[in-house]
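As given, the protein sequences belong to chains A and B, one line each in that order. Quick note: the first sequence uses the numbering used here, first residue 5, plus one each step. Quick note: the second sequence uses the numbering used here, first residue 64, plus one each step. For every residue, glycine included, the Cβ atom is placed at its ideal position computed from N, Cα and C. These notes are about the structure you will find just below.
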Amino acid sequence: MAGGGGGLSKPERAKRGKHSKRKKKKRIGFHLDMTPLVDITFLLLTFFMFTTTMLKPQIMEMRIPPERYEKVEVRESELFSILLMPDNKIYWYAGMAKPDNLPEEIPLNKLRALAEQQNLKPNVRNRLITVLKIADQAKYDKVVQILDELNLAEINITDQLSKDLDADGQPVKRQRKFTIAPLSENDDDFKLIQGVK
Amino acid sequence: MPKVRKKRMGFVIDMTPLVDITFLLLTFLMFTAKFKSEAENEQQFTIKRPYATPDTTKLPERDLAVISVAIDDKNPLDTSFYFSLTNINDKEKVWELAEVPAEFSNVSLVKVDSLMLSKLIRSTLAVRNTTKFALDADKEIPFKWISQAMDIMRLQRAFVFNFVTEKRKAGE
Numbered sequence: 005m006a007g008g009g010g011g012l013s014k015p016e017r018a019k020r021g022k023h024s025k026r027k028k029k030k031r032i033g034f035h036l037d038m039t040p041l042v043d044i045t046f047l048l049l050t051f052f053m054f055t056t057t058m059l060k061p062q063i064m065e066m067r068i069p070p071e072r073y074e075k076v077e078v079r080e081s082e083l084f085s086i087l088l089m090p091d092n093k094i095y096w097y098a099g100m101a102k103p104d105n106l107p108e109e110i111p112l113n114k115l116r117a118l119a120e121q122q123n124l125k126p127n128v129r130n131r132l133i134t135v136l137k138i139a140d141q142a143k144y145d146k147v148v149q150i151l152d153e154l155n156l157a158e159i160n161i162t163d164q165l166s167k168d169l170d171a172d173g174q175p176v177k178r179q180r181k182f183t184i185a186p187l188s189e190n191d192d193d194f195k196l197i198q199g200v201k
Numbered sequence: 064m065p066k067v068r069k070k071r072m073g074f075v076i077d078m079t080p081l082v083d084i085t086f087l088l089l090t091f092l093m094f095t096a097k098f099k100s101e102a103e104n105e106q107q108f109t110i111k112r113p114y115a116t117p118d119t120t121k122l123p124e125r126d127l128a129v130i131s132v133a134i135d136d137k138n139p140l141d142t143s144f145y146f147s148l149t150n151i152n153d154k155e156k157v158w159e160l161a162e163v164p165a166e167f168s169n170v171s172l173v174k175v176d177s178l179m180l181s182k183l184i185r186s187t188l189a190v191r192n193t194t195k196f197a198l199d200a201d202k203e204i205p206f207k208w209i210s211q212a213m214d215i216m217r218l219q220r221a222f223v224f225n226f227v228t229e230k231r232k233a234g235e
């Protein structure tokens with residue numbers, strides 16, 4: 005400490021008196037014993053450090069359309085279906101499921117590449133409708149993982165599409181068409197998968 | 064006269080920079096600390112959220128209605144919907160409007176069936192139509208529950224909502 009020499013904390017007091025020959029020290033500032041302060045501060049600091057959780061849960065936004073009763077006609081070729089079975093296995097098919105177009109099983113980590121490839125196929129580019137059919141018994145965890153993979157695929161798809169130019173010379177905007185539907189045991193595709201096993 | 068040597072007692076360290084930093088950290092942590100809300104305190108379950116890719120969107124804190132789907136800790140067969148509101152002022156009005164049974168009038172987190180849930184969602188939107196909805200479900204919940212909650216929200220015209228997720232670590 006500057007100008008120290010007064011033992012631990014108390015600064016030396018110069019004697020006052022006529023005969024004091026000691027040079028008077030010029031006082032610059034003062035000393036404060038900070039030890040208790042530091043003690044308490046550290047205590048509080050460690051408390052807050054251990055109790056705070058920095059990780060806040062995050063969100064995945066969903067928008068659902070209002071109920072509509074009129075039928076919408078879609079082209080068979082523009083459909084891309086992903087099925088989540090009760091045993092949490094993922095199957096997919098393009099178009100309609102038929103005995104000659106059987107749903108195929110796909111691991112979760114290949115789903116992103118598949119979605120990109122399907123969405124960028126030249127004949128259905130930017131028109132593909134992704135249908136996610138989920139069985140009642142499937143785990144929510146899987147559903148979120150599939151949605152996440154599809155969202156990630158979207159980055160690349162949007163990027164690829166923006167390289168195309170529309171009639172006005174503007175980059176093409178991605179139009180995402182997506183639907184979630186329940187998968188029931190009476191559905192044709194469900195039966196077909198059961199047949200495959 | 065020889066100078067009398069002072070006996071050295073210990074030593075002195077300048078603690079000022081240390082204290083500076085410590086206080087800085089302390090104030091930071093104090094301001095960022097968020098304490099458990101009442102609803103969180105009442106809950107009898109822990110939710111293991113599904114993982115999703117890190118995103119910049121975080122769960123909003125104000126005017127949020129959380130629909131939790133959770134498995135009771137003590138009774139694993141007891142899966143149910145729970146409803147809570149972050150806005151305490153709205154809570155009373157909503158509870159009144161939805162005719163929540165008197166024994167639940169003081170709780171922030173109510174266990175609800177699908178009928179009560181739809182009533183609560185409708186009342187929430189009637190009280191404040193900018194309220195955001197979040198669906199906070201456990202990983203292990205069958206999708207049936209989620210689709211039911213989504214249907215209820217759709218019928219009550221809550222078309223935008225959020226799935227609450229946890230950050231997915233790289234490589235998972």
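Classify residue i: buried if its beta carbon has 16 or more other beta carbons within 10 angstroms, exposed otherwise.
i      : result
A/P69  : exposed
A/R31  : exposed
A/E71  : exposed
A/M4   : For chain A, the structure presents residues 5 to 201; residue 4 of chain A sits outside this window and is missing.
B/R112 : buried
A/A18  : Annotation note: pLDDT 48 at A/A18 (below 50); position unreliable, no value reported.
B/S168 : exposed
A/D168 : exposed
A/K102 : exposed
B/F226 : buried
B/I204 : buried
B/S186 : buried
B/T79  : exposed
B/V67  : exposed
In angstroms, rounded to a whole number, what distance separates the CA positions of residue i and residue j?
i      : j      : result
B/V132 : A/R129 : 38 Å
B/M179 : B/A161 : 8 Å
B/N150 : B/D126 : 5 Å
A/A98  : A/V135 : 10 Å
A/S85  : A/K137 : 7 Å
A/T183 : A/Y144 : 16 Å
A/D91  : B/L188 : 37 Å
A/V42  : B/V163 : 51 Å
A/L49  : B/V175 : 41 Å
A/P40  : A/F34  : 17 Å
A/D170 : A/E109 : 36 Å
Got a sec? Which residues, its chain only, sit under 7 Å from residue i by beta carbon, not counting five neighbours each side?
i      : result
B/F224 : F196, A197, L198, M216
B/L172 : A102, E105, Q106, Y145, S147
A/K195 : none
In chain B, which residues lie less than 8 Å from residue i when you measure between Cβ atoms?
i      : result
A/F46  : T85
A/I138 : F206, S210
A/A142 : P205, F206
A/L49  : T85, L88, L89, L92
Quick one: residues in its chain with C-beta nearer than 6 Å to the C-beta of residue i, no 5 flanking neighbours on either side, listed in chain order?
i      : result
A/S166 : P175
B/R231 : Y114, A115, T116
A/R116 : E153, L156, A157
B/V129 : S147, A197, D199
Note down, in chain order, every chain B residue with its Cβ under 9 Å from the Cβ of residue i.
i      : result
A/E189 : The contacting residues do not exist; A/E189 stays about 13 Å from chain B at best.
A/K67  : Residue 67 of chain A is actually Arg in this sequence, not Lys. Ordered by position in chain B, the residues that pass the 9 Å Cβ test against A/R67 are F222, V223, F224.
A/V42  : M78, L81, V82, T85
A/F52  : L88, L89, F91, L92, M93, T95, A96
What in chain A is Cβ-close to residue i, meaning under 9 Å?
i      : result
B/T228 : P61, Q62, I63, M64, V148, D152
B/V182 : Correcting the residue identity first, residue 182 of chain B is Lys in this sequence and not Val. Residues of chain A passing the Cβ test: none, with the nearest at roughly 19 Å.
Would you mind telling me which residues of chain A sit closer than 8 Å to residue i, beta carbon to beta carbon, in chain order?
i      : result
B/V175 : Under the 8 Å cutoff, chain A gives no residues; its nearest Cβ is about 18 Å from B/V175.
B/D118 : Q62, I63, M64
Write down the C-beta distance between residue i and residue j rounded to the nearest angstrom, noting that I regard them as a contact closer than 8 Å.
i      : j      : result
A/V147 : B/I184 : Between B/I184 and A/V147 the Cβ distance is about 21 Å, and since that is not below 8 Å, they are no contact.
A/P107 : A/D172 : So it is not a contact: roughly 40 Å between Cβ atoms.
B/T228 : A/P61  : 7 Å
A/M100 : A/E120 : The Cβ separation is near 22 Å, so there is no contact.
B/Q219 : B/S181 : 6 Å
A/M38  : B/V82  : 6 Å
A/L2   : A/W96  : This structure cannot settle anything about residue 2 of chain A, because the visible part of chain A is limited to 5 through 201.
A/I133 : A/E82  : 5 Å
A/I150 : A/L124 : About 19 Å separates the two Cβ atoms, so there is no contact after all.
Residue i versus chain A: which residues are under 7 Å apart at the beta carbon?
i      : result
B/K202 : K143, Y144, D145
May I ask you to check if the CB of residue i is nearer than 7 Å to at least one heavy atom of the ligand HEM?
i      : result
B/V190 : The ligand content of the structure shown is nil, which means the ligand HEM is not present either.
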